[in-house]
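Line order of the protein sequences matches chains A and H. Residue numbers for the first sequence follow this note's numbering, beginning at 96 and rising by one. Residue numbers for the second sequence follow this note's numbering, beginning at 129 and rising by one. For each residue, glycine too, the CB sits at the ideal point set by N, CA and C. Some notes on the structure that comes next.
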Amino acid sequence: MFGYSRSHQAQSLTVSLFERPSIQSISNHLSSNLNITNKLTQKTPYLYFFKHFRLILVILLFCLFTLSFHQPAYADTLVSPSFEIDMSTINITGGNKSSASYKLSDTVGQTIQGRFDSAGYIVKAGFQYIHSITPFTFTISNLDLNYGNLVPGTPSLLTNILTITTGSAFGYTVRAIEDHPLRLSNALTTIPDTSCDLASACTQTDATVWADNGRYGFGYNIQGSDVDVSDFVDNTYFRPFPIQDTDSPAVVMSKAGIATASAATVTYKVNVSGSQAAGVYQNNIQYIAIPSF
Amino acid sequence: MKFIQPLTLIITALFLLITPYPVSAGSYGLSLNPPLLKVNIRPGKSITQVFTITNLSSDDKFLVARVIPFSETDSRGNPEIDLKKTAPWLSYFSLANSNINLGSPFSIKANASEQLVMSINIPPTAILRDIYATLLVSTYSNLTGLNYQGSLVSATIGSNILITIHPELNPPTLLKINELTPVSGTFFKFGNYYFADSITPISFISSVENSGNFISETKGLFKITGKNDTPVYLEGILPVYVVSNTQRILMNTDGKNFSFNPNLAKLGFHKATIQIKTDNANAESSIDIFFFPFKMSLGLFLALGLLGLIIRLPKPKP
């Protein structure tokens, strides 16, 4: 539209940067220098390099600084029909917009002043930036953990699986707490919560190795999605449960973002000594799944 | 007659196999919707919100609904739940259901849903403030009926409720961007300036603090600007809520750190800016970055140095 095609020859002539007279004069100049350089090279070969090394260095530095302080090319247009940049003025639009240089997400505003004045309330249910109708869902594969007959020095292990789907929430945490340590119905005799191996004691928020069958107690390990793998390094790392009315629930799974069927396997471990009183030991473990906001 | 005995045994075995006694461990599956309720309400007004709870397990469940207040969150918007915590304003909350009350067990059939009709009544004399709570729905468990040695697992699912009580729609609050710092990429800091390699992607972390009394949102932009404040890169901030007197990490709309991929054309002084503009607060913070092809320059200098070294080496005499 703004030009016309030319023959290859014509184009070459048009865009050619070569100017014969200049080249000729430069060539002559270089030729005369070359003779001198050749003489120098014959006498001191390294001086020849250093002379050109400085020249190359100057050219490189010149190029780099020219690039650094160049005038910006305004190739990216800021204003276009598909972009709304001033977030405070977005009222009746929303969604994700992107290009090579832009990635914006805005939300539909519900800021109708008159409605608030007349009705006296504004309700926003759910998350405006996630367009999902899937509800926040939490499942546990097994609620009844029967450890059976406990053999002293032989740990009893049971597992269940926790699964989370955040749906329209952006992130979640699952916390765990027990009502009390495993105990007899007389509420006096307990299987204490584990402190893991003697070399490095574990706490309610810090898992360590529990592999010594001479260490007794009750604890848990968790492996899978959205688990803190820096704490539960592998399936030998255990923690004791926090105790209700005394401690705060401990985070066992969490994610800052959308989770779809994130699953983690909890392993419960009980190990008793030979002096543990006989009887039926029981407790209640509660998992609390709460979405982020 | 001689077949009667084996036939009886086979039939007995078949009946045992065909009609086994069902033994299955109890499971739990529950969903709650919506996961978040944000309300701006004037004193003396009431609202009603329906929460739908669905029993996804294959057996009927007894559940208990309750409202727990919270005032603190972590930097990712997770409330710090204390199950013992209470507050005088919990009386504002009630269920309008005829058969379900807060704190009392109710049953829900397998694979069925129930609606919890929550009524929030703000008295005319209520203090103008924010109140934050979580609706918790728990399985109702009782160790009394447990006849084995072990643990009975109970589960709780929650939904957060954020309420602003004020006659104005957007009562002002105070937002402050605490930090805007490069975290990954090739960069160093000298004085107040960051010097970054112009061909290495660079990512930034940022957080915002709400030191006011009312909740705010994190609507805004992360931008890189060149000369004359010309934007060369824009990224939206994930709009999340910052409750009063808490901090939140700012993220891009993908829930990740802000990132910028410079190139050889993006050289010289630039400015990285976080800009939040909401209905009740504004905040802005920026840092100066000088982009330069440090890696490339270093490579060139090393190559030239090596070349010089090679040339300087005396030629072996024949």
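Residue from the options with nearest C-alpha to residue i
i	options	result
Lys304 (chain H)	H:Leu432, H:Ala193, H:Ile404 and H:Ile181	H:Ile404
Ser357 (chain A)	A:Ser263, A:Lys364 and A:Met348	A:Met348
Asp323 (chain A)	A:Asp288, A:Thr303, A:Arg310 and A:Lys364	A:Thr303
Thr346 (chain H)	H:Arg204, H:Lys237, H:Ser155 and H:Phe323	H:Arg204
Ala384 (chain A)	H:Pro163, H:Ile138 and H:Gln133	H:Pro163
Phe350 (chain H)	H:Ala393, H:Ser331, H:Asn356 and H:Ser344	H:Ser331
Gly427 (chain H)	H:Val178, H:Pro299 and H:Ile327	H:Ile327
Asn450 (chain H)	H:Val368, H:Gln177 and H:Leu191	Nothing about residue 450 (chain H) can be reported from this structure: the residues present for chain H run from 129 to 446 only.
Asn249 (chain H)	H:Ile291, H:Ser312, H:Thr262 and H:Leu441	H:Ile291
Arg270 (chain A)	H:Asn338, H:Arg257, H:Ser247 and H:Thr284	H:Thr284
Asn270 (chain H)	H:Leu160, H:Lys189, H:Phe318 and H:Ile293	H:Lys189
Asp274 (chain A)	A:Val375, A:Ala373, A:Phe336 and A:Arg149	A:Phe336
Ala254 (chain H)	H:Gly157, H:Asn389 and H:Gly172	H:Gly172
Ala294 (chain A)	A:Pro276, A:Phe231, A:Tyr332 and A:Leu277	A:Tyr332
Asn410 (chain H)	H:Leu434, H:Ile333, H:Lys384 and H:Ser339	H:Ser339
Gly319 (chain A)	A:Ser251, A:Asn281, A:Thr258 and A:Ile151	A:Thr258
Asp453 (chain H)	H:Tyr369, H:Tyr260 and H:Ser155	With chain H running from 129 to 446 in the structure shown, residue 453 (chain H) is simply not present.
Thr355 (chain A)	A:Ala372, A:Ser370, A:Thr232 and A:Ser251	A:Thr232
Residue i: first and last residue of the uninterrupted beta strand (DSSP E) it sits in
i	result
Arg157 (chain H)	Here residue 157 (chain H) turns out to be Gly, not Arg, going by the sequence shown. Here the beta strand (DSSP E) through Gly157 (chain H) covers Tyr156 to Asn161.
Gly374 (chain A)	Looking at the DSSP string, Gly374 (chain A) is not in any beta strand (DSSP E), and its letter there is neither H nor E.
Glu296 (chain H)	Per DSSP, Glu296 (chain H) belongs to no beta strand (DSSP E) and is neither H nor E.
Pro287 (chain A)	Segment: none, Pro287 (chain A) is in no beta strand (DSSP E) and carries neither H nor E.
Gly396 (chain H)	Gly396 to Lys405
Phe388 (chain H)	Phe386 to Phe388
Pro310 (chain H)	Leu303 to Ser312
Met246 (chain H)	Ser241 to Asn249
Leu256 (chain H)	Here Leu256 (chain H) belongs to no beta strand (DSSP E), and DSSP marks it neither H nor E.
Ile327 (chain H)	Here Ile327 (chain H) belongs to no beta strand (DSSP E), and DSSP marks it neither H nor E.
Lys213 (chain H)	No beta strand (DSSP E) contains Lys213 (chain H), which DSSP labels as neither H nor E.
Tyr216 (chain A)	Tyr216 to Ala220
Gly364 (chain H)	Pro359 to Gly364
Asp239 (chain A)	Asp239 to Asn241
Asn408 (chain H)	Element bounds for Asn408 (chain H): n/a, residue is neither H nor E.
Tyr268 (chain H)	Neither: Tyr268 (chain H) is in no beta strand (DSSP E) and is coded neither H nor E.
Thr234 (chain A)	Phe231 to Ile235
Proximal chain A residues relative to residue i, where beta-carbon distance stays under 7 Å
i	result
Ser186 (chain H)	Going along chain A, no residue has its Cβ under 7 Å from Ser186 (chain H), so there is no contact; the nearest lies around 12 Å.
Ile169 (chain H)	Gly215 and Tyr216
Pro300 (chain H)	Here the premise fails: no neighbours, minimum Cβ distance about 14 Å.
Tyr220 (chain H)	Within 7 Å Cβ-Cβ: nothing; Tyr220 (chain H) doesn't reach chain A, min ~13 Å.
Tyr369 (chain H)	Phe388
Neighbouring residues, chain H, relative to residue i (Cβ below 9 Å)
i	result
Gly352 (chain A)	Met379, Asp382, Gly383 and Lys384
Leu155 (chain A)	Ser425, Leu428, Phe429 and Leu432
Gln377 (chain A)	Leu271, Leu274, Tyr276, Gln277, Gly278, Ser279 and Leu280
Pro276 (chain A)	Per Cβ cutoff of 9 Å: no residues; Pro276 (chain A) is ~10 Å from chain H at best.
Phe148 (chain A)	Leu432, Leu435, Gly436 and Ile439
Tyr311 (chain A)	Simply none; closest approach about 15 Å.
Gly243 (chain A)	Tyr276, Gln277 and Gly278
Residue i: contacting residues in chain A (beta-carbon distance under 9 Å)
i	result
Ala283 (chain H)	Phe233, Thr234, Ile235, Leu238, Leu257, Gln381, Tyr382, Ile383 and Ala384
Gln177 (chain H)	Val218 and Ala220
C-beta neighbour in chain D for residue i, strict 8 Å
i	result
Gln299 (chain A)	Absence of chain D from the displayed structure is noted, the protein chains being A and H.
Bounding residues of the alpha helix (DSSP H) (the contiguous stretch that carries residue i)
i	result
Lys423 (chain H)	Phe422 to Arg440
Contacts of residue i in chain H (Cβ-Cβ under 8 Å)
i	result
Pro344 (chain A)	Ile209 and Leu211
Ile151 (chain A)	Leu432
Thr355 (chain A)	What Thr355 (chain A) touches in chain H: nothing, since even the nearest Cβ is about 13 Å away.
Ala264 (chain A)	Pro163 and Leu164
Asp340 (chain A)	Lys212
Thr268 (chain A)	Asn206
Under 7 Å by beta carbon: chain H residues contacting residue i
i	result
Ser387 (chain A)	Arg204, Gly205 and Asn206
Tyr363 (chain A)	Ser279
Contacts that residue i makes with chain A (C-beta to C-beta distance below 8 Å)
i	result
Leu158 (chain H)	Thr232, Phe233 and Thr234
Lys304 (chain H)	Those within 8 Å of Lys304 (chain H) in chain A number zero; the least Cβ separation is about 18 Å.
Gly71 (chain H)	The structure shown does not extend to residue 71 (chain H), since chain H is modelled only from 129 through 446, so no value can be given for it.
Leu290 (chain H)	Phe388
Tyr268 (chain H)	Ordered by position in chain A, no residue passes the 8 Å Cβ test against Tyr268 (chain H), which lies about 11 Å from the chain.
Gly286 (chain H)	Ile383, Ala384, Ile385 and Pro386
Uninterrupted alpha helix (DSSP H) stretches inside the region 171-210 of chain H (no shorter than 4 residues): none
At what residue ranges does the region 289-367 of chain A contain a whole run of the beta strand (DSSP E), taking only runs of 3 or more? 312-319, 345-350 and 357-366
Any 3 or more C-beta pairs closer than 8 Å across the region 336-343 of chain A and the region 238-249 of chain A: no
Just checking, does the region 270-290 of chain H make contact with the region 365-382 of chain A on the three C-beta pairs under 8 Å criterion? yes
Within 8 Å, do at least three Cβ pairs link the region 272-288 of chain A to the region 310-320 of chain A? yes
So, do the region 319-326 of chain H and the region 416-424 of chain H have three or more beta carbon pairs nearer to each other than 8 Å? yes
Stretch-stretch touch, CB-based, cutoff 8 Å, three pairs: the region 202-217 of chain H with the region 226-233 of chain H: no
Count the CB pairs spanning the region 163-173 of chain H and the region 250-268 of chain A that are closer than 8 Å, and state whether there are at least three. yes
Within the chosen definition, does the region 372-385 of chain H reach the region 196-203 of chain H through at least 3 CB pairs nearer than 8 Å? yes
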